[in-house]
Ligand code: HMG
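In this note's numbering, the protein residues as written are 5 to 392.
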């Protein structure tokens, strides 16, 4: 039985900051941001879009009534949770009107949470082949104004429908993971912005990639030549390339060029959105599938997930015969094109407001035409989410 990704949907908020403008404002050469880091724009979530509403919006894009009836597992991978106890996935279940006869939970391990969810879902479907699982990665990445991490902020969500006989990507059962406590990035309780040791985090990302890729090679005997493309967790689009360069000497020049060409396609969405933490690997996968005309059914795609702290995992899957019919690239072209550029004063004012999101009795509205759901405020200490 094949198990894997049957559908994939994405949401990112309607506002962005132009990073050339930000670079000039911060007195940095714009080429550092656009070439050195590899980012052009970063998505900024308004107060009315948090990890929960973005997750529901990403899932709403792909789910039919038939899918909803079959879902008996809902996992939200997030590090931008809105509650220290309750799983954000419960709000998502209610918003999307998903069955109550379901296991619904949240997983946290930095950017790795959605991958943990995907692997859990894979085993769940192995035991329950007629069921479907919804796995969502949703986050808002915040490092602070005028910090070196600022250019790598972003916001958004990616939803995966996992099933038997998947229409997009059948995942191999084999997978390679590696975990070790490292102080590269963390966010203390009650702090809205992350702490990071940037250069060290880059090194750990690469170290964990080399560990997991080599282990997967030993386990499966797949060499780099067996992959049409490798997809990466993309905190910024240069990062995956730095990791890939470490293993490119394993293949000849023609294959190296081929892998780097595919890599460009997987960075197209991330370049305009930024780091969405748990969803970033799957945003890269969606970008590759939507934009790469060369990919064909039967080709193998590698996936590298990295969550600071840190856990890395490398796994792979094979593109299915009808994968192109499941995609909707024009929708995302439209969504990205219709976003509004934020003036830098507004961005800075909103950023400061986001640091105090819990104040009572704010009634929030949301006019994003691509968002069906939004966070409407806090009433009697309870978070209120609404559908439009
Ligand atoms: P920085 O110190 O501002 O930048 O930090 P830099 O001085 O290292 O420059 C960056 C690159 O731009 C360099 O290229 C420069 O040469 C180049 P590289 O040597 O790396 O190839 N550059 C230029 N290029 C063209 N024209 C110029 C120019 N000037 C410089 N004029 C850093 C950059 C990414 C460290 C910072 O933004 C940061 O701390 N970001 C947040 C941390 C991060 O994203 N880490 C990634 C790995 S950890 C991870 O992925 C997990 C994470 O997603 C969290 C989670 O798991 O939840 C972050």
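Virtual Cβ for every residue (Gly too), placed ideally from N, Cα, C.
Distance CB(residue i)-CB(residue j) smaller than 8 Å
i           : j           : result
residue 61  : residue 161 : yes
residue 46  : residue 78  : no
residue 250 : residue 197 : no
residue 138 : residue 177 : no
residue 69  : residue 281 : no
residue 387 : residue 86  : yes
residue 337 : residue 51  : no
residue 318 : residue 220 : yes
residue 285 : residue 299 : no
residue 127 : residue 100 : no
residue 57  : residue 378 : yes
residue 389 : residue 380 : yes
residue 135 : residue 74  : yes
residue 97  : residue 370 : no
residue 301 : residue 324 : yes
residue 141 : residue 40  : no
Bounding residues of the alpha helix (DSSP H) (the contiguous stretch that carries residue i)
i           : result
residue 339 : 333-341
residue 241 : 241-249
residue 273 : 272-277
residue 397 : Look at the range of the chain in this structure, 5 to 392, and you will see that residue 397 is not part of it.
residue 128 : 117-131
Sequence-distant residues of the same chain with beta carbon closer than 7 Å to residue i, five excluded per side
i           : result
residue 29  : 348
residue 202 : 152 and 153
residue 121 : 79, 81, 111 and 139
residue 44  : 23, 38, 275 and 276
residue 205 : 188, 189 and 312
residue 352 : 149
DSSP-derived helix/strand/coil call for residue i
i           : result
residue 327 : helix
residue 52  : coil
residue 349 : helix
residue 19  : strand
residue 355 : helix
residue 260 : helix
residue 280 : coil
residue 157 : coil
residue 27  : helix
residue 389 : strand
residue 230 : helix
residue 43  : coil
residue 366 : coil
residue 35  : helix
residue 288 : helix
residue 294 : helix
residue 165 : strand
Contact set for residue i: own chain, Cβ-Cβ below 8 Å, skip 5 residues either direction
i           : result
residue 34  : 23, 24, 27 and 28
residue 248 : 234, 236, 263, 264 and 267
residue 287 : 14, 160, 162, 238, 273, 274, 277 and 280
residue 330 : 10, 11, 12, 171 and 172
residue 216 : 180, 181, 182, 308, 316, 317 and 318
residue 147 : 153, 154, 156, 157, 197, 198 and 200
residue 333 : 294 and 295
residue 193 : 88
Residue i - containing beta strand (DSSP E), residue span
i           : result
residue 299 : It is not in any beta strand (DSSP E) - residue 299 carries neither H nor E in the DSSP assignment.
residue 143 : 136-145
residue 305 : 304-311
residue 381 : 377-383
Spatial neighbours of residue i in its chain, beta-carbon cut-off 6 Å, leaving aside the 5 residues before and after
i           : result
residue 340 : 276
residue 9   : 164, 170, 172 and 173
residue 107 : 77
residue 6   : 169 and 174
residue 42  : 240, 241 and 242
residue 343 : 18 and 20
residue 271 : 241
residue 289 : 235
residue 16  : 47, 160 and 277
residue 254 : 228
residue 213 : 247 and 308
residue 224 : 178
The ligand PLP heavy atom lying under 7 Å from the CB of residue i
i          : result
residue 83 : This structure does not include the ligand PLP; its bound ligands are the ligand HMG.
query = What are the complete beta strand (DSSP E) segments, minimum 3 residues, inside the region 57-106?
reply = Counting whole runs of 3 or more residues, the region 57-106 contains the beta strand (DSSP E) stretches 75-81.
4 or more residues per run - each alpha helix (DSSP H) lying fully within the region 171-223 = Here no run is fully enclosed.
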